[in-house]
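Participant: The sequence shown begins at 1 in the UniProt record's numbering and counts up by one.
Heads up, the beta-carbon is just placed ideally off N, CA and C, and yes, glycines get one too.
Note that this is a predicted model, so its numbers are computed, not measured.
First the structure, which I've put down as structure tokens, then a few questions once you've had a look.
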Amino acid sequence: MIRIITESTEQTERLGKLIGSLLNSGDIICLDGDLGAGKTTLTKSIVKGLGVDEYVTSPTFTIVNEYEGKVHVNHFDVYRISDVDEMYDIGYDEYMDSESVNIIEWSSIIKEILPEDRIEINIERLEKDNKRKFNINSIGERYKDLVEELKKYEDTSN
Ligand code: ADP
Ligand code: MG
């Protein structure tokens with residue numbers, strides 16, 4: 001588990017761009033954390049880091065938005081689904097098996113159908129208003145280089 005602290009929206013955006021620049025085709029990023037934690041903020045900057053110039057918004061009502069950058073990017077927000085079958089209805093298996101980068105906000109809601117190899121990022125608000133803790137956990141060899149790079153930014157206090 002890697003812990004990274006940011007103290008502002010801008011710092012989170014820098015982290016997201018870095019993550020985006022390190023992602024490869026087929027990678028899966030799972031984001032969790034309370035409303036307002038920073039999932040969409042991080043996602044927007046990851047998508048930027050993947051070379052997308054388009055304006056990125058949260059797909060709360062549509063479940064998924066798609067973007068074309070150095071790779072194809074699918075941005076899911078599964079907050080409003082009431083059953084995982086809704087995911088299969090929109091072609092979940094095809095999305096996960098594709099060459100895209102898949103980013104999933106509120107991933108814990110569909111925990112039982114998440115692919116095994118993935119990066120999990122849990123965002124916590126800390127005591128100070130703009131302070132956030134990113135708990136980053138990766139499952140699978142494919143994320144080795146990304147993890148090595150992120151370790152450089154790890155918060156090692158306490
Ligand atoms: P979520 O998608 O998790 O509901 P958003 O990214 O939509 O959250 O909202 C996060 C809000 O918190 C934004 O208004 C953002 O500017 C603000 N914010 C303040 N500090 C930070 C920080 N360190 N990292 C990310 N967002 C922050
Ligand atoms: Mg959001």
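So if DSSP puts Phe76 in a beta bridge, which residue, or which two residues, is it bridged to?
Facilitator: In the sequence shown, the residue the question calls residue 76 occupies position 76. Paired residue(s): Val64 and Ile104.
Participant: Looking at Thr62 and the ligand MG, is the gap between the Cβ and the nearest heavy atom below 7 angstroms?
Facilitator: By one-based count along the sequence shown, residue 62 stands at place 62. No.
Participant: Which same chain residues end up closer than 8 angstroms to residue 159 when comparing Cβ atoms and leaving out the 5 residues on each side of it in sequence?
Facilitator: Here the chain has residues from 1 to 158 only, and residue 159 is not among them.
Participant: Apart from the five residues just before and just after Val84, which ones in its own chain have a Cβ nearer than 6 angstroms to its Cβ?
Facilitator: As a first step, residue 84 is located in the sequence shown; it is residue number 84 there, counting from the start. Same-chain partners within the cutoff: Ile110 and Ile113.
Participant: Would you tell me roughly how many angstroms separate the C-alpha atoms of Lys44 and Ile29, rounded to the nearest one?
Facilitator: One-based indexing of the sequence shown puts residue 44 at position 44. One-based indexing of the sequence shown puts residue 29 at position 29. C-alpha separation (whole angstroms): 13 angstroms.
Participant: What residue range does the beta strand (DSSP E) around Glu124 cover?
Facilitator: For the purposes of this step, residue 124 is identified with residue 124 of the sequence shown, where counting begins at 1. First-last of the beta strand (DSSP E) with Glu124: Arg118 to Arg125.
Participant: Please name the residue in Ile136, Glu10, Ser98 and Leu146 whose C-alpha comes closest to that of Asp155.
Facilitator: Reading the sequence shown from its first residue, position 155 is the one you call residue 155. Taking only the C-alpha atoms, the option nearest Asp155 is Ile136.
Participant: Using the DSSP secondary-structure output, state which residues sit across from Leu31 in a beta bridge.
Facilitator: On the sequence shown, residue 31 is found 31 positions in, with the first residue counted as 1. Answer is Glu105 and Ile121.
Participant: From Phe76, Leu18 and Leu35, pick the residue whose C-alpha is nearest to that of Leu50; which is it?
Facilitator: For this step, residue 50 is matched to residue 50 along the sequence shown. Of Phe76, Leu18 and Leu35, the residue nearest in Cα terms is Leu18.
Participant: Do you know whose CA, among Glu66, Asn122, Thr62 and Thr60, lies nearest Glu54's CA?
Facilitator: Here residue 54 refers to the residue found at position 54 when the sequence shown is read from its first residue. Checked all of Glu66, Asn122, Thr62 and Thr60; the closest Cα to Glu54 is Glu66.
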